[in-house]
Structure formats: structure tokens, C-alpha cells
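Asks: Residue numbers (the numbering used here), protein chains in the order written: chain C, 1 to 314; chain X, 315 to 851.
Here it is in C-alpha cells:
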């Protein structure tokens with residue numbers, strides 16, 4: 001079985017490399033086609049002569065052709081260099097490191113919350129033991145998923161400040177007496193809002209109901225065995241691993257908005273800023289990292305599924 | 315709207331009376347306490363040369379000094395230079411520098427004081443090809459800068475200009491602390507961790523982006539009263555007020571107009587108004603054959619109820635304007651009154667211009683079955699949601715006059731591309747911010763219509779061109795004023811822009827902070843005199 005897992009991993013690795021090339025190339029082309037220019041980060045273009053602006057572009061290497069710039073970028077990447085942020089002048093790798101772990105904390109906790117909420121709701125609904133609780137939870141899930149995440153963010157800030165007298169913003173090192181609210185509220189907003197929770201619940205519930213109808217479950221029930229032991233692999237591990245992998249892009253996207261609203265100094269804010277600045281080295285770095293996360297999650301999902309069901313490796 | 319749209323370049327420096335010793339202040343107010351101020355957005359760099367945004371401009375007021383600075387009335391006052399003389403031909407400026415100005419400790423300057431060679435070196439860095447800075451253009455006027463002796467500096471200009479002294483207010487940096495003392499690029503650690511001479515010195519930039527500053531005990535005008543000053547960046551303007559109300563910040567530099575009433579009602583805070591030299595306008599593209607007609611532009615002005623918009627969207631916190639200068643400027647012609655709201659007059663003018671048939675859709679007919687219609691391009695800016703309301707109101711006002719307005723919202727950089735490069739718009743809503751020179755030459759001169767030039771509306775009038783050149787070449791301020799007032803009158807009549815208003819900004823500061831005085835756009839020029847009473851620290 002290990003051999004199969006290894007083979008699957010190798011295959012995915014190849015696909016990942018191709019994907020990286022395509023994603024970064026697409027990003028490069030898109031950015032060069034987009035209106036706007038990182039030059040205005042450095043100077044007020046209106047107050048300079050065209051020659052002076054051209055000199056700035058030359059200094060930044062923006063006057064070279066697109067293939068050349070992409071080639072240079074790839075060459076540096078091959079040496080492990082992600083380039084330098086046009087905005088801050090710091091290496092992109094440092095910027096990603098400084099903000100990435102905060103986003104990981106936010107998105108990881110949010111996804112854990114999504115899964116917790118969805119699993120409980122789906123389980124209760126599928127087992128049909130507590131129909132009222134299940135319906136209420138499902139309704140809450142749908143309602144929260146239906147709200148735009150930025151609006152939910154403002155709403156959460158409003159409720160937290162007026163009802164509980166706490167401000168759910170990321171506090172700096174300089175703030176005293178910060179509360180847990182600054183961490184919990186954005187996690188709740190991203191975990192239960194952002195449109196994912198209802199989808200995960202529904203998917204999981206459908207899957208669970210399907211599994212519950214299987215013959216081996218009926219047999220297990222008949223012989224009085226623990227239902228959970230027979231259920232968790234097909235009922236939870238399989239759908240959850242694929243759901244998790246599929247939802248990562250959405251959660252990362254939601255994090256951009258949530259980080260803005262809650263002043264969370266993570267990668268989402270970095271991305272937002274870099275996009276407004278046309279800071280293409282930073283944007284490419286973020287793209288690459290996001291693609292990497294999505295792929296790693298996908299590969300892990302494949303690995304988990306192959307481990308659970310070796311037939312899938314064929 | 316956006317600070318990036320700056321007509322004329324904004325200069326400035328730290329000001330204040332030159333009294334006080336390097337040890338402490340003699341005003342008797344207590345030292346100590348901390349002030350956290352909230353800004354919208356974090357500065358890209360923290361030095362005064364590569365920094366190119368308002369957040370950075372305000373921050374560098376705290377960390378650096380120039381040769382000269384400005385008083386609260388915007389007069390040039392001494393700063394690092396204690397005195398100066400000007401040659402009879404107005405080209406050579408000789409500055410005598412104070413001998414007690416020390417660099418911040420982190421510059422590792424040892425016993426070294428700031429001298430003429432530092433000023434020369436700073437100018438050299440600004441003008442170096444590898445330094446990317448907006449300051450380069452204004453300092454092109456400097457032909458030569460040389461050290462006469464340790465504390466004497468001589469700057470020679472290429473030609474005499476008005477208010478040259480005010481333009482020589484660049485901030486001095488310790489060039490020996492740069493990675494390469496000849497130029498400054500953004501990847502130089504100095505750009506993120508600079509040292510200067512100002513009342514506060516940089517202590518730390520946290521991972522969250524907070525810029526922590528502490529009192530410079532060696533400050534030549536005396537130690538500032540506050541122990542600590544922290545810039546806290548926020549990514550969303552809507553939560554800045556919440557941060558203030560929940561003690562996450564003691565000060566917000568620009569309060570969201572919507573939140574002013576709420577802060578006003580809170581006894582913990584004081585609101586400080588300040589008038590930036592800026593105004594908002596609708597700009598009309600002269601390439602559009604309909605907008606090229608003066609009557610149409612005048613009709614648009616008459617049909618726009620500007621007072622109503624100012625009252626309802628900005629709670630009347632501003633002033634209507636009639637021409638191309640900010641009302642706070644010396645160049646503004648108070649005799650020219652803003653056009654009144656008069657829909658009948660608007661219709662009359664449109665009829666005069668040949669638009670007298672109304673189509674089935676209720677709009678005036680322009681040509682074969684097409685209504686008289688224009689596209690209004692609006693930059694999407696998160697920090698300014700009110701602009702959407704203005705656009706919608708404008709659409710309604712124009713509908714009443716029989717003009718159809720199509721709204722098109724564009725992302726900021728895309729908007730700039732459309733407006734400044736492609737000139738692809740009929741009407742834009744925008745904002746100009748000025749320095750004190752009140753120089754509108756690039757806005758309305760017919761030679762300034764190329765890509766990225768400021769006359770993006772394509773306005774061309776030989777009389778105006780003539781007046782602009784005359785205003786630029788004269789050194790006599792009174793004569794300049796007369797010319798500018800004539801320009802004002804002509805442009806008010808011609809309406810290349812529908813001139814809207816200038817807004818009053820408000821900073822909110824916690825009551826515990828006393829003696830708060832603000833510079834109109836640099837804000838923190840006088841922050842070394844702010845203090846917090848012992849009991850409230």
C-alpha cells in the first residue's frame with residue numbers, strides 16, 4: 001500500500017510543478033494586462049516628465065519585455081529567491097513568512113470551526129434523532145452562509161462592541177488588555193460565514209445518509225456493533241478530506257476580506273495591498289504560496305483516500 | 315479622495331519657536347505619557363525621501379527636520395537653519411545652520427552634529443539617479459549646493475522663483491547611515507528603520523505594523539513632552555472610529571464624516587478641524603463635442619445642487635467653491651461667487667446650445683434618436699463611500715435637466731489609466747490637493763494635455779495660457795495674486811470643471827492630550843509641544 005501511496009504522491013508532484021508554471025504565468029500575463037503601474041508607488045507620475053518616469057521604470061526593471069521579466073523571475077525562483085516587494089523593499093519571502101502564519105492561524109481555526117459545526121449538524125440531521133436541533137442548526141448555517149462575509153464582519157464588530165463592550169480587532173504589541181474577542185470573532189465570522197458552512201453541512205449529510213443506507217451498516221446495526229467504527233471512514237474521513245481540500249481556496253479568499261475588516265495583519269491584507277499597488281513580486285509570491293497550499297491539501301487528500309481505499313490508486 | 319493626486323508638490327517640515335534647550339522644555343508642562351494614533355493604511359517606507367503617501371508624510375514630520383519649516387500660519391520659519399541671506403538676484407541662498415542639532419542615537423553618529431555637509435549629501439541623495447523619489451522634480455531647480463564651512467551652506471538656484479525658501483524645506487537624513495551613502499532605495503534597511511533629528515525617534519516597527527516612536531531626549535528644541543507615540547495602521551476606515559471609541563487608539567487623523575456626530579457626542583474626545591488646500595470637482599472632457607460647448611458645462615453647474623449635497627452627505631462640513639483654487643489659498647478670488655442652483659437657467663442654456671427636443675425617454679435629444687448622455691467615471695475607493703452618493707445625486711440632478719448620466723465605477727489604478735492616459739471619459743469626479751504655491755499651470759495650460767499630464771480634460775484657451783505663463787514668471791506676489799484672480803474669474807465663467815467644494819477634515823484626539831495644534835496637512839509639525847497632564851498619563 002505504501003508503494004501505491006508513494007506513486008500517487010509522485011504523480012501529484014509532477015502535476016503540481018506544471019500547475020505552478022501555469023498559475024504564475026497566468027498571473028504574470030494578467031498583471032501586465034491590468035491597467036495601472038507600480039511606478040506610482042514610487043513617484044507622482046503626473047509631476048514628472050515622461051523621460052523621468054521611464055528612468056524610474058528602468059531602475060525597477062519594468063521596461064523589459066514580459067517574457068524577459070517572467071524568465072528572470074523564474075530563474076530567481078529556481079534559486080529559491082521570490083524577489084523583493086516593490087512596496088516595502090523587503091524580500092517577498094520575509095513578507096510571506098511574517099504574515100503567513102497569522103493567516104494560517106485564522107484560516108486553520110476557521111476551517112476547524114466549519115468542520116465542527118458542519119459535522120455535528122450533518123450527523124444530527126442524518127441520524128434523525130434530534131430533528132429540532134438539527135433543523136435549527138441547519139437554518140443557522142444557511143442564514144450565516146447567505147450573508148456577505150464583509151457585512152457579517154461589520155455586524156460582528158457592532159454586536160461585540162455594543163453588547164459585550166469588546167473590540168474584536170487584532171491588537172498590536174502596544175495594546176494592553178486585549179481580549180480573546182479579537183481572535184474569536186474573526187474566526188467565527190470566517191468559519192461560519194463565507195458561504196462554506198452550509199455547503200459542507202449539506203454535502204456531509206447527503207454522504208452520511210448514503211452510507212447509512214449501505215448493507216454493511218445495516219449488518220453492523222443488526223449485530224449491535226459500534227456504528228461509529230463502521231461509519232467514520234466512509235461517512236466522515238472520505239467526504240471531509242475532499243471537502244477540506246476543495247474549500248481551502250474559498251477560505252483563503254474569505255480571509256482577504258475578513259483580515260481587512262478585522263485589521264488582521266495577515267497574508268490577506270498583504271494581498272489586498274499588493275493588488276492595489278500592482279506590487280507584482282508580492283502578488284506572485286502570494287499566488288505561488290496559495291497554489292502550494294491548495295496542492296498540498298489536494299495531495300494529502302489523495303493520500304488519505306488511497307490509504308483508506310487502496311482501489312482508488314488505480 | 316486620494317492623496318496621490320497632488321497638483322504641485324507638497325513640501326514641508328517641522329516648525330516651531332526656536333526656544334528651549336536640549337535638556338527639557340521651559341514651558342512648564344509635564345513630560346510623559348503615550349499617544350496612539352490611528353491611520354488608514356500603513357506607510358510603505360518611513361524615510362522622507364522614498365516615502366510617497368500622506369501617512370508617510372505625516373510620520374516623517376515626527377522623525378525629521380529640514381533647514382526651514384512652517385509656522386501654523388504657514389510662514390517660513392527657521393528650523394535646522396537659524397538664519398539665512400538671499401543674494402540680490404534671488405538665486406543664491408546662504409544658510410547658517412544651528413550647531414546643536416544631533417542625530418538620533420540609532421544613527422550611530424557619535425558626537426557628530428548636523429552640518430552643511432549633511433544638507434549637501436541629502437540633496438545629492440535626492441538627486442541621485444538610483445534614488446526613486448517624487449522630490450527629484452522640485453529639486454531640479456537647485457543648480458548647486460555647497461558647504462562654505464561646517465555650519466554654512468550655500469544653495470544656488472537655476473533661476474529665481476517665488477517662495478524658493480518654502481521649497482527648500484527638504485528633510486535632512488544621515489546619509490552616512492545608508493547602505494550606500496550616495497543613494498537611497500527601498501531595499502535599504504534605512505527606508506524601514508530610519509533615523510533623523512526630529513522630536514521623536516523610531517523605537518520599533520512591530521510585526522502588526524505599529525510604528526513605535528519614543529521621545530528624542532537630545533532634541534535641539536527640547537525633549538518633546540510625550541514619552542511615546544505610536545502609529546497604528548488600519549486596513550478599513552469603517553473600523554477606525556470603533557478603534558477610537560474602544561480605546562484601541564487615542565487619536566484618528568481623519569475622522570470618517572459619517573462618524574463626526576458620534577465622536578462629537580463623546581466627552582472623551584476633542585475634534586480638531588483642519589483645512590487642507592484641496593477641492594473636489596467634476597471634470598469635463600473637451601474631446602466630447604457636447605461638453606466642448608460652454609453652455610452645456612454651465613448648464614451642468616446650474617443644474618447641480620451642490621449645497622444640498624454638501625449639507626446632506628458631508629453635514630455641511632465644507633465650503634462651496636467657485637473656481638480653481640482652494641478657498642484657504644491666497645490666490646482665491648472671493649469676488650467670484652459659486653453659481654447658484656437654478657434648473658430653469660440650466661434648461662435655458664441647454665436650449666441655447668441647441669438641445670431643445672425631448673425624446674420619448676424624457677431626456678433631451680442630442681442626435682438621431684440618441685439622448686444627451688455622458689459617462690461619469692468614478693474611482694472606487696473604500697475610504698470614500700460618500701463619493702457614490704454624490705455620483706447618484708448628480709445623476710438625479712442631471713436627469714431633471716434632461717441629461718442622462720451613466721455611472722461607471724473603476725478601480726483606482728484603472729481609473730487613473732482611463733483619465734490620465736487614455737482620456738477615456740466624459741465626466742470625472744476628482745480632487746486636487748495643493749501646496750501653498752497655488753500653481754494651477756499644469757491643470758489648465760494647453761501644453762499639458764499629453765498622457766499623465768494634469769490637463770486631462772483637454773482645456774485650451776490662449777488667454778488662460780497667457781495668464782498662466784505670466785503668473786509663473788513674475789516674482790511679485792501681489793502681481794501673481796492679481797493674475798490668479800483673473801484666472802479664477804475666467805475659469806469660473808468657462809467651467810472646464812464644475813467646481814464643487816472644499817471639505818473640512820477633522821482629527822479626533824483624546825481629551826487627555828493638551829496643547830494640540832495641527833498643521834493643515836502635515837498634522838504633526840507641532841507635536842513636540844503636545845502633552846498629557848501627570849494625572850492622566
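Backbone N, C-alpha and C fix where the C-beta goes; we use that ideal spot for every residue, glycine too.
What would DSSP say about residue 533 of chain X, mapped onto helix, strand or coil?
Replies: Reduced to three states, the DSSP call for residue 533 of chain X is coil.
Asks: For residue 578 of chain X, report the span of its alpha helix (DSSP H) as first-last.
Replies: Element bounds for residue 578 of chain X: 574-578.
Asks: Between which two residues does the alpha helix (DSSP H) carrying residue 787 of chain X extend?
Replies: Here the alpha helix (DSSP H) through residue 787 of chain X covers 776-787.
Asks: Please report the distance separating the alpha-carbon of residue 534 of chain X from that of residue 523 of chain X.
Replies: The alpha-carbon atoms of residue 534 of chain X and residue 523 of chain X are separated by roughly 29 Å.
Asks: Look up residue 725 of chain X in the DSSP assignment and say whether it is helix, strand or coil.
Replies: In the structure shown, residue 725 of chain X sits in a strand (DSSP, three-state: E or B).
Asks: Which residues in chain C have a C-beta closer than 8 Å to the C-beta of residue 540 of chain X? List them in chain order.
Replies: Those within 8 Å of residue 540 of chain X in chain C number zero; the least Cβ separation is about 14 Å.
Asks: Counting contacts by CB-CB distance shorter than 8 Å, is residue 832 of chain X in contact with chain C?
Replies: No - not a single Cβ of chain C is within 8 Å of the one on residue 832 of chain X.
Asks: Distance check for residue 220 of chain C and residue 201 of chain C, CA to CA, integer angstroms please.
Replies: In a straight line, the C-alpha of residue 201 of chain C is about 25 Å away from that of residue 220 of chain C.
Asks: Run through chain C and tell me which residues come within less than 9 Å of residue 726 of chain X, C-beta to C-beta.
Replies: Result: 36, 276.
Asks: Taking 8 Å as the threshold (beta carbon to beta carbon), is residue 280 of chain C in contact with chain X?
Replies: Closer than 8 Å: no.
Asks: Is there at least one Cβ from chain B nearer than 8 Å to residue 256 of chain C's Cβ?
Replies: In the structure shown, chain B does not exist; the protein chains are C and X.
Asks: Taking the beta carbon of residue 130 of chain C as the centre, do at least 16 other beta carbons fall within 10 Å, making it buried, or is it exposed?
Replies: It counts as exposed.
Asks: Less than 8 Å between the CB atoms is what I'm expecting for residue 679 of chain X and residue 671 of chain X, so what's the real figure, rounded?
Replies: That pair is a contact at about 4 Å.
Asks: So, for residue 500 of chain X: in the same chain, excluding its five sequence neighbours on each side, which residues have a beta-carbon less than 7 Å away from its beta-carbon?
Replies: Contacts found: 359, 364.
Asks: Between which residues of its own chain and residue 845 of chain X is the CB-CB distance below 8 Å, once the five residues before and five after are set aside?
Replies: Cβ neighbours of residue 845 of chain X beyond the five flanking positions: 343, 344, 345, 347, 539, 540, 827, 828, 829.
Asks: I need the DSSP call for residue 463 of chain X, collapsed to helix, strand or coil.
Replies: It is a strand residue.
Asks: Compare the C-beta of residue 318 of chain C against all C-beta atoms of chain X and say whether one is closer than 8 Å.
Replies: Beyond the ends of chain C as shown, which are 1 and 314, falls residue 318 of chain C; an answer cannot be given.
Asks: According to DSSP, is residue 822 of chain X part of a helix, a strand, or is it coil?
Replies: In the structure shown, residue 822 of chain X sits in a strand (DSSP, three-state: E or B).
Asks: Since residue 687 of chain X is in the alpha helix (DSSP H), which residue starts that stretch and which ends it?
Replies: Segment 687-694 is the beta strand (DSSP E) holding residue 687 of chain X; no alpha helix (DSSP H) there.
Asks: Once DSSP output is grouped into helix, strand and coil, what is the label at residue 297 of chain C?
Replies: Three-state result, residue 297 of chain C: helix.
Asks: Judging by CA-CA distance, which residue of X:606, X:564, X:547 is the nearest neighbour of residue 263 of chain C?
Replies: When each option's Cα is compared against that of residue 263 of chain C, the closest is X:547.
Asks: Since residue 55 of chain C meets chain X, which of its residues come closer than 8 Å, beta carbon to beta carbon?
Replies: Those are 443, listed as they occur along chain X.
Asks: Going along the chain, which unbroken runs of the alpha helix (DSSP H) with 4 or more residues stay wholly within the segment 122-156 of chain C?
Replies: You should have 131-146.
Asks: Does the pairing of the segment 816-823 of chain X with the segment 559-572 of chain X give three or more beta-carbon distances under 8 Å?
Replies: Result yes; three or more Cβ-Cβ pairs closer than 8 Å.
Asks: Applying the 10 Å Cβ sphere with the 16-neighbour rule, what's the burial state of residue 79 of chain C?
Replies: Looking at its Cβ environment, which holds fewer than 16 other Cβ atoms inside 10 Å, residue 79 of chain C is exposed.
Asks: May I ask whether a heavy atom of the ligand ADP can be found less than 7 Å away from the beta carbon of residue 837 of chain X?
Replies: Looking for the ligand ADP in the displayed structure turns up nothing, as the structure carries no ligands at all.
Asks: Going by the beta-carbon positions, is the gap between residue 513 of chain X and residue 361 of chain X smaller than 8 Å?
Replies: Their beta carbons are not under 8 Å apart, which means residue 513 of chain X does not touch residue 361 of chain X by this criterion.
Asks: Kindly indicate the opening and closing residues of the alpha helix (DSSP H) around residue 758 of chain X.
Replies: Here the alpha helix (DSSP H) through residue 758 of chain X covers 755-758.
Asks: Does residue 780 of chain X have its Cβ less than 8 Å from a Cβ in chain C?
Replies: So no, residue 780 of chain X is outside the interface.
Asks: Looking at the unbroken beta strand (DSSP E) that takes in residue 743 of chain X, where does it start and where does it end?
Replies: Start and end: 741-748.
Asks: Do three or more CB pairs link the segment 801-813 of chain X to the segment 650-664 of chain X at distances below 8 Å?
Replies: With the cut-off at 8 Å, the segment 801-813 of chain X and the segment 650-664 of chain X touch.
Asks: Residues of chain C with a CB under 7 Å from the CB of residue 671 of chain X: which are they?
Replies: Those within 7 Å of residue 671 of chain X in chain C number zero; the least Cβ separation is about 38 Å.
Asks: Residue 736 of chain X: which of C:14, C:36, C:20 sits nearest, CA to CA?
Replies: Comparing Cα positions, the closest option is C:36.
Asks: By the DSSP assignment, the alpha helix (DSSP H) with residue 596 of chain X in it spans what residues?
Replies: Note, residue 596 of chain X: premise wrong, no alpha helix (DSSP H); beta strand (DSSP E) at 592-598.
Asks: Looking at residue 419 of chain X: is its Cβ nearer than 8 Å to the Cβ of residue 515 of chain X?
Replies: Yes. Within cutoff.
Asks: Within a Cβ cutoff of 6 Å, which residues of the same chain sit near residue 669 of chain X, ignoring the five residues on either side of it in sequence?
Replies: Only 678, 686 meet the Cβ criterion.
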